[in-house]
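Chains as they are written, first to last, in the working numbering: chain A, 6 to 363; chain B, 29 to 339; chain C, 431 to 706.
We put the beta carbon where it would ideally sit given N, CA and C, even for glycine.
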Amino acid sequence: MASIDIDNVRKNYGAVPVLHGVDLTIKDGEFIVLVGPSGCGKSTLLRTVAGLEEVSSGEIRIGGARVNERHPKDRDIAMVFQSYALYPHMNVAENMSYSLRLRRAAKERIASAVSNAAGKLGLEPLLERRPKALSGGQRQRVAMGRAIVRQPKAFLFDEPLSNLDARLREQMRAEIKTLHRDLGATSIYVTHDQIEAMTLADRVVAMHGGIVQQVGSPLELYDRPANLFVASFIGSPAMNLLKGTYDASGAEAGIVLPDGTRIALSGPYALQSGTEVTLGIRPEHVVLSPIDGLPARVSLVEPTGFGIILHLSVHDLPLIAFTLDRTRLQSGPTTAIAFPPEHLHLFDGAGNRVVRAN
Amino acid sequence: MAIADALSTMPGTRRSLRDRVALRLEPYLYTAPALILIAAVMLVPLVLGLSYAFRDIQLLNPFSGGFVGLEHFRTLWGDANFFRALRNTLWWTGASVFLQFALGLILALLLDRPFAGRGLVQALVFLPWAVPTFLTGLNWAWMFNPVIGPLPHWLYALGILDAPNNILSDPSLAMWGPIAANVWWGVPFFAITLLAALQAIPRDLYEAAAIDGAGAFRRFSTITLPFLAPTIAITILLRTVWIANFADLIVVMTNGGPADRTQIVASYIFTQAFKALDFGYASAIAVVLLVLLMIYSMLIVLLRQTLLERG
Amino acid sequence: MRVSFLGTVFHRLAILAYLLFALFPLFWLVKVSVTPNDLLYSEGIRLWPSRTSFEHFRFVLENSAFPLFFRNSLIVATSTAVIVTVLASLAGYAFSRFAFRGRAWLVALMLLTQMFPLVMLVAPIFKMLTPLGLTNSLTGLVIVYTAFNVPFATFLMQSFFDGIPKELEEAAKIDGATQFMAFRQIILPLTLPGIAATLGFVFTAAWSELLFALMLISGNAAATFPVGLLSFVSKFSVDFGQMMAAGVLALIPACLFFLLIQRYLVQGLTAGAVKG
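Structural data, given as structure tokens:
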């Protein structure tokens with residue numbers, strides 16, 4: 006196992022920049038998830054670590070050694086592909102042992118490594134099968150098995166679960182987490198699925214437009230998004246975002262919405278009065294039917310089974326609220342809402358998080 | 029390992045430079061053998077052939093080889109055989125392409141419908157395409173021979189011929205011989221291409237149209253044809269050029285005869301080179317054919333452009 | 431969709447009619463080749479002779495130069511097929527996997543070679559090969575046929591390489607393979623069907639070629655099957671039985687290769703979409 010350092014890595018395709026100077030330090034044994042919408046550069050970053058793409062500038066170190074000039078085969082890393090990339094003309098055992106055979110490992114070692122990995126993944130009865138004769142979930146397991154027989158310095162995952170159906174994805178997600186707990190291997194995992202990011206990661210790296218937007222533990226990203234991108238990307242249903250003006254006059258600071266409604270904040274922020282800001286609140290934090298709240302129209306009620314999503318409009322501003330209270334299914338055409346100040350997020354004109362001044 | 033690490037931490041090591049050069053060169057190394065061969069055996073002769081068109085090159089005349097300017101083209105302008113060959117080429121190409129396409133489309137539509145034994149039938153109806161063209165030509169020539177072949181007798185019985193004679197020796201009918209052979213040999217090409225295009229049409233389109241109340245003919249004209257149109261256009265364009273150049277069947281079946289009635293431009297070039305051994309004149313005809321084909325292709329491209337702009 | 435009974439009957443009849451059209455000439459070839467000489471003219475247009483014999487085949491195999499022609503054709507077609515497939519694999523792989531400067535020009539050049547009339551090369555190629563001693567030689571034919579078939583075969587091989595996901599190669603590299611090992615152990619085994627198809631296409635094309643063989647070969651020693659058969663037709667008083675027996679022999683390798691490539695016809699034709 007080894008640490009991975011990514012140092013000011015840039016990547017251009019011709020004149021088009023895809024990575025704008027990425028810095029990231031991954032500790033030995035850490036599970037890092039790169040998350041972001043498609044085209045954000047997360048897969049490119051992973052592929053530069055693998056050596057499948059050359060960096061345009063910057064340095065990548067694995068276990069402290071610069072690997073920029075090394076071929077993928079000399080980097081001692083394993084990778085699980087979205088399409089699994091199983092060799093169709095080899096059976097499961099041959100697929101898993103290919104890397105060891107290339108390294109001319111001893112027969113007994115290959116056999117024990119394969120049976121060990123097969124045992125961990127429940128693949129023993131399938132060792133003689135060709136990939137064509139496997140289900141999607143089984144193929145995914147073989148791809149994982151191929152990675153773990155090697156005991157490499159690091160595991161790279163490129164959207165490994167996107168080709169599975171929802172239930173299987175949940176199950177494999179848990180298995181990957183268990184495997185990581187058992188093996189303690191340094192891992193970089195690319196996904197566009199925020200649930201995978203939240204559940205698997207020690208630290209999440211949110212990326213957008215080739216730039217790292219925020220690095221932190223899953224809950225840090227959820228509770229204190231560094232900017233509007235992270236705020237709107239993490240969380241489902243997504244955070245409500247309302248445009249308004251910061252107003253420091255009066256007893257407590259507040260936000261004035263375009264229609265004149267004033268929403269109170271807790272304490273002053275490091276902002277000038279009159280600054281254009283965006284106010285954010287997560288749907289589950291919107292309080293329904295408080296004693297003296299804003300009137301809201303209910304335009305749509307979506308029961309999810311677990312809870313209820315309410316589509317509201319407040320003075321013609323669309324807003325989403327989430328509640329576990331089933332009586333809300335019968336809620337009338339109007340209700341009232343309130344925004345608890347401690348759950349409000351504030352972003353400045355550039356979209357960056359504004360912190361409370363004190 | 030330690031040494032390798034130390035080496036690779038030095039930026040711009042020699043290994044990485046060599047790697048980079050090798051990586052750049054790789055595709056060129058892979059394509060080079062094919063390209064060198066194509067250049068030597070196709071492009072150089074092509075240029076050489078263009079130069080022959082302006083020189084007096086006769087294989088059996090040791091004093092030939094001089095530059096004659098446009099002499100060959102002047103001869104060509106007065107060569108009635110050439111203009112007959114040009115007319116014959118239009119007739120040969122037009123009739124062959126039309127019949128191959130029409131039968132190919134029908135065959136593709138027949139094979140598009142599932143039925144028991146379709147795989148076998150498909151292999152059998154495509155078989156003519158695998159028959160070597162010289163054999164196709166000979167075989168059809170034999171079939172048209174009243175001594176050994178049934179066709180003249182059948183045509184006579186049907187009242188199409190006045191007597192069971194060989195149409196290949198009848199100047200007014202001879203062209204039908206090579207055309208028949210060409211159609212027999214070439215239908216599979218159209219059928220395969222169109223069948224592939226047909227099977228790429230999403231089935232649910234037909235179901236949707238049927239639910240909307242479209243009859244079989246309606247479905248064909250509003251779904252099948254529009255979907256096939258691009259394939260039809262490109263296939264016909266390419267096949268037209270190919271068939272215009274396709275001299276094998278004519279050389280084998282009639283050698284241009286009787287009385288030059290089946291001579292097409294391509295076979296005329298071959299005859300001039302192979303029989304008369306007049307390479308200069310043959311090359312001049314070839315240049316004219318090349319120019320005509322280029323004009324044809326350009327017209328097609330222009331037509332396509334205007335159609336695209338209007339659509 | 432429901433189809434009427436009448437429609438089904440019509441469909442089957444139409445297919446039957448086309449089958450007859452496609453197979454009858456081949457049937458006739460076989461029929462004449464097994465008709466004994468004394469019945470050839472008296473039963474000329476009967477569908478099947480009252481007595482069959484293999485005397486023509488025996489004669490052709492024992493007393494004619496056809497075994498030599500057959501051998502020559504086999505050498506030329508096999509060598510051409512093997513060399514073309516090797517060259518086309520390399521070039522097709524480059525076209526499929528690399529984005530390099532000049533790629534579009536090379537593709538255009540190869541397409542161009544498929545468009546111009548090859549017959550216009552007959553004279554210059556003859557002139558070029560004569561001083562090299564490559565006329566009247568099988569080597570000369572192999573060189574010419576190889577060049578003619580490489581462009582189409584390259585497009586065909588490219589389409590097969592395109593069908594192999596790039597990730598397989600990447601996975602192999604990460605597993606520790608060099609570029610060459612990845613090619614040999616992963617890509618090549620997966621391309622075997624494509625290689626077989628290319629071999630088949632090129633073999634059939636080289637086996638059938640007539641005009642250049644006529645021009646470049648004179649005399650029996652280096653004559654290929656088409657040249658031999660055609661000179662047979664013009665030289666002797668027509669012996670139909672023997673010619674057709676020879677024709678059936680010429681058909682055999684072509685049909686064998688057709689069976690080999692049958693499954694890939696569609697892919698091959700749409701890949702090149704330019705050559706028959």
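Identified DSSP bridge partners for residue i
{"i": "G249 (chain A)", "result": "A:V282"}
{"i": "T713 (chain C)", "result": "With chain C represented from 431 up to 706, any question about residue 713 (chain C) goes unanswered, as that position is not in the structure."}
{"i": "L293 (chain A)", "result": "A:I342"}
{"i": "G259 (chain A)", "result": "A:D252, A:A269"}
{"i": "V40 (chain A)", "result": "A:T196, A:A211"}
{"i": "P619 (chain C)", "result": "P619 (chain C) is not bridged to any residue."}
{"i": "S62 (chain A)", "result": "A:R15"}
{"i": "P178 (chain B)", "result": "For P178 (chain B), which the question treats as bridged, DSSP gives no partner whatsoever."}
Reduced DSSP category for residue i - H, G, I as helix; E, B as strand; rest coil
{"i": "L87 (chain B)", "result": "coil"}
{"i": "K16 (chain A)", "result": "strand"}
{"i": "M84 (chain A)", "result": "strand"}
{"i": "Q370 (chain B)", "result": "The question about residue 370 (chain B) has no answer here: the residues shown for chain B are numbered 29 through 339."}
{"i": "S48 (chain A)", "result": "helix"}
{"i": "R246 (chain B)", "result": "helix"}
{"i": "R42 (chain B)", "result": "Unreliable placement is indicated for R42 (chain B), whose pLDDT of 41 sits below 50; the coordinate value is still reported in the next sentence. If DSSP states are grouped into helix, strand and coil, R42 (chain B) belongs with the helices."}
{"i": "N232 (chain A)", "result": "strand"}
{"i": "H76 (chain A)", "result": "coil"}
{"i": "Q335 (chain A)", "result": "helix"}
{"i": "I1 (chain A)", "result": "There is simply no residue 1 (chain A) to check, as chain A begins at 6 and stops at 363 in what is shown."}
{"i": "D276 (chain B)", "result": "helix"}
{"i": "L169 (chain A)", "result": "coil"}
{"i": "L128 (chain A)", "result": "coil"}
{"i": "V360 (chain A)", "result": "coil"}
{"i": "H94 (chain A)", "result": "coil"}
{"i": "V704 (chain C)", "result": "In this predicted model, V704 (chain C) has a pLDDT of only 36, less than 50, meaning its place in the structure is not dependable enough to derive any value."}
{"i": "L276 (chain A)", "result": "coil"}
The beta strand (DSSP E) enclosing residue i, as first and last residue numbers
{"i": "H350 (chain A)", "result": "350-352"}
{"i": "I195 (chain B)", "result": "From DSSP, I195 (chain B) is part of no beta strand (DSSP E); its letter is neither H nor E."}
{"i": "I31 (chain A)", "result": "21-31"}
{"i": "T328 (chain A)", "result": "322-328"}
{"i": "Q227 (chain B)", "result": "First-last for Q227 (chain B): 204-227, but that is the alpha helix (DSSP H), not the beta strand (DSSP E)."}
Residue i versus the options, residue with shortest Cα-Cα distance
{"i": "F2 (chain B)", "options": "B:A81, B:G122, B:I271, B:S311", "result": "Since the displayed chain B opens at 29 and closes at 339, residue 2 (chain B) lies outside it and no answer follows."}
{"i": "N650 (chain C)", "options": "C:S483, C:R501, C:V439", "result": "C:R501"}
{"i": "M673 (chain C)", "options": "B:N167, B:G284, B:T290", "result": "B:N167"}
{"i": "L184 (chain A)", "options": "A:E164, A:V261, A:P93, A:A152", "result": "A:A152"}
{"i": "M171 (chain B)", "options": "B:I195, B:Q150, B:A151, B:V159", "result": "B:I195"}
{"i": "I262 (chain B)", "options": "B:V96, B:W204, B:V125, B:F154", "result": "B:V125"}
{"i": "G285 (chain B)", "options": "B:A224, B:A60, B:M203", "result": "B:M203"}
{"i": "I278 (chain B)", "options": "B:V316, B:L201, B:L330, B:I292", "result": "B:I292"}
{"i": "G93 (chain B)", "options": "B:E337, B:D306, B:P178", "result": "B:D306"}
{"i": "P192 (chain B)", "options": "B:P174, B:L186, B:P206", "result": "B:P174"}
{"i": "S271 (chain A)", "options": "A:D264, A:E281, A:A253, A:S104", "result": "A:A253"}
Near the ligand HEM: residue i beta-carbon under 8 Å from a heavy atom
{"i": "Q277 (chain A)", "result": "Absence of the ligand HEM from the depicted structure is noted, as is the absence of any ligand whatsoever, leaving it without description."}
Boundaries of the alpha helix (DSSP H) in which residue i is found, first to last residue
{"i": "G122 (chain B)", "result": "108-140"}
{"i": "T510 (chain C)", "result": "496-527"}
{"i": "F160 (chain A)", "result": "Taken as a continuous stretch (DSSP letters only), F160 (chain A) belongs to no alpha helix (DSSP H), being part of the beta strand (DSSP E) at 159-163."}
{"i": "A675 (chain C)", "result": "670-691"}
{"i": "Q218 (chain A)", "result": "From DSSP, Q218 (chain A) is part of no alpha helix (DSSP H) but of the beta strand (DSSP E) over 216-221."}
Residues of the region 543-557 of chain C with Cβ closer than 8 Å to any Cβ of chain B, in chain order: T543, M545, F546, P547, L548, V549, M550, L551, V552, A553, P554, I555, F556, K557: these are the residues of the region 543-557 of chain C whose beta carbon lies less than 8 Å from some beta carbon of chain B, given in chain order.
Near-chain B residues of the region 606-620 of chain C - C-beta to any C-beta below 7 Å: Residues of the region 606-620 of chain C whose Cβ lies closer than 7 Å to any Cβ of chain B: none.
Within 8 Å of chain B by C-beta, residues of the region 640-653 of chain C in sequence order: Flagged, chain order: L640, L641, L644, M645.
Within 7 Å of chain C by C-beta, residues of the region 77-90 of chain A in sequence order: Result list: P77, K78, I82, A83, M84, F86, S88, A90.
Chain C contacts from the region 93-112 of chain A (Cβ-Cβ distance under 7 Å): Cβ contacts with chain C come from P93, H94, Y103, S104, L107, R108.
Interfacial residues, the region 435-461 of chain C to chain B, with Cβ spacing under 8 Å: The region 435-461 of chain C vs chain B, Cβ under 8 Å: H441, R442, A444, I445, Y448, L449, F451, A452, L453, P455, L456, W458, L459.
Residues, ordered as in the chain, of the region 161-172 of chain A that lie near chain C by beta-carbon distance below 7 Å: Answer in chain order: no residues at all.
Members of the region 576-597 of chain C that neighbour chain A once the beta carbon cut-off is set at 8 Å: Within the region 576-597 of chain C, the qualifying residues are P595, E597.
Under 7 Å (Cβ pairs) to chain C, residues found in the region 52-65 of chain A: Those would be A55, L57, in chain order.
Residues of the region 656-680 of chain C whose Cβ lies closer than 8 Å to any Cβ of chain B, in chain order: Within the region 656-680 of chain C, the residues whose Cβ lies closer than 8 Å to some Cβ of chain B are P656, L659, L660, V663, F670, M673, M674, G677, A680, listed in chain order.
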